[in-house]
Amino acid sequence: MRHYPVTSLCALAGVTRQAFYKRDEDFLFRRLAIEQFVVQFARGVREQDPGIGADNLWRIYRERFSEEYRVGRDAFRDILHEHGLNIRRRFRAPRTTDSRHSLPTYPNLVKNVIPTRPNQIWVSDITYIAIEDSEARLGYTFCFLTIIMDAYSKKILGWRVAPTLEAAHSIKALKMAIKTLPEGFSETLIHHSDRGTQYASADYIKVLADNNITPSMTESGNPKDNAMAERINSTVKNELLYGKTFSSLRQVFEAVRKAVEFYNSERPHSSIDWHTPDEAHQMQGEMKRHWHSWREDAIKKQAMEAV
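Below, the structure is given as structure tokens:
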């Protein structure tokens, strides 16, 4: 490739050498300024959602700022990489479900259902969060987080941080979710969970019955039977609370409260056409997802064959 001197190029363009270098300098300064702007933005969002991925960060950035600060997705990723802001994922969870009991269980009512409105299906699960404790044998203890999420909008409707796995704590998360129902709500609502003792307890089932909510449970210990609830647990622990350490139950409670607020109101979701859960909770009808669901393909095929 032939190279031309700057003087010749300036002559062709009808500009002076000084103007050429000034323009180049201005471009460089603008690029550096926007890069720092992106870095500060990313760090600010990560204070609320420490494990949020690059794509979701970019989508929030794109929605929040005008064309003047616009950055393409690939360039945004490159900036994060250059400043050491990429996230390393870690997924690890202990067993929190005890289904070895004699309590009544209920059939899986949602395995062939794709929700088309809010408050059609709620999903729930329990996960653990470590608390540093120098007096404990291993240097830490656990608290437990119950989450109830709307399967259509992905909105977290109820949650509870507790020191034990007693059913009373999960019932408080359920009651929080019930308070979000519209006044006079009378449509069919299914509550889906695993077969743990908390969800099968007489007290939990009574609260469901008193509010005309139908219980549904997994048919085995396969996590795929309650996949949506498993995913929200992972999002909370491995994204929203990523890298955080706690020394008290109160600290966990405050961190989860802020995480849920951010997740519901600001975090875009690929399963609901990049809306936030708050936005999706006001919608109805089939929601576009930005990943392929073989489960939904099978459900739709089965429905067509039954016609």
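Taken in order, the sequence shown gives residues 383 to 689; the numbers are from the numbering used here. Just so you know, even glycine gets a beta-carbon here, dropped at the ideal spot from N, CA and C.
Take residue i as the anchor and find which of the options has the nearest alpha-carbon.
i           : options               : result
residue 522 : 628, 682 and 657      : 628
residue 555 : 678, 580, 677 and 460 : 580
residue 674 : 684, 652, 519 and 488 : 652
residue 677 : 447, 493, 562 and 657 : 493
residue 577 : 497, 425 and 505      : 505
residue 533 : 496, 548, 438 and 553 : 496
residue 657 : 424, 438 and 584      : 438
residue 635 : 525, 574 and 661      : 525
residue 647 : 574, 631 and 664      : 664
residue 602 : 618, 559, 575 and 587 : 575
Grab the span of the alpha helix (DSSP H) containing residue i for me, first residue to last.
i           : result
residue 575 : It is not in any alpha helix (DSSP H) - residue 575 instead sits in the beta strand (DSSP E) that spans 571-575.
residue 518 : Premise fails: residue 518 is in no alpha helix (DSSP H) and is neither H nor E.
residue 579 : 579-582
residue 642 : 631-647
residue 439 : 436-446
residue 489 : Residue 489 -> no alpha helix (DSSP H), and no H or E assigned at all.
residue 617 : 609-617
residue 558 : 549-560
residue 659 : 659-662
residue 463 : 455-464
Could you tell me which residues DSSP pairs with residue i in its beta bridges?
i           : result
residue 417 : Residue 417 pairs with nothing; no bridge assigned.
residue 510 : 526
residue 541 : 529
residue 596 : 572
residue 503 : 572
residue 651 : 657
Is there contact between the segment 460-468 and the segment 497-504, where contact requires at least three CB pairs shorter than 8 Å?
no
Taking 8 Å as the threshold, find out whether the segment 591-602 comes into contact with the segment 535-554 through three or more Cβ pairs.
no
Stretch-stretch touch, CB-based, cutoff 8 Å, three pairs: the segment 614-629 with the segment 596-603
no
Using a Cβ distance threshold of 8 Å, determine whether the segment 640-649 contacts the segment 418-433, with at least three qualifying pairs required.
yes
Assess, as a yes-or-no matter, whether the segment 549-565 is touched by the segment 451-458 under the definition of 3 or more beta carbon pairs within less than 8 Å.
no
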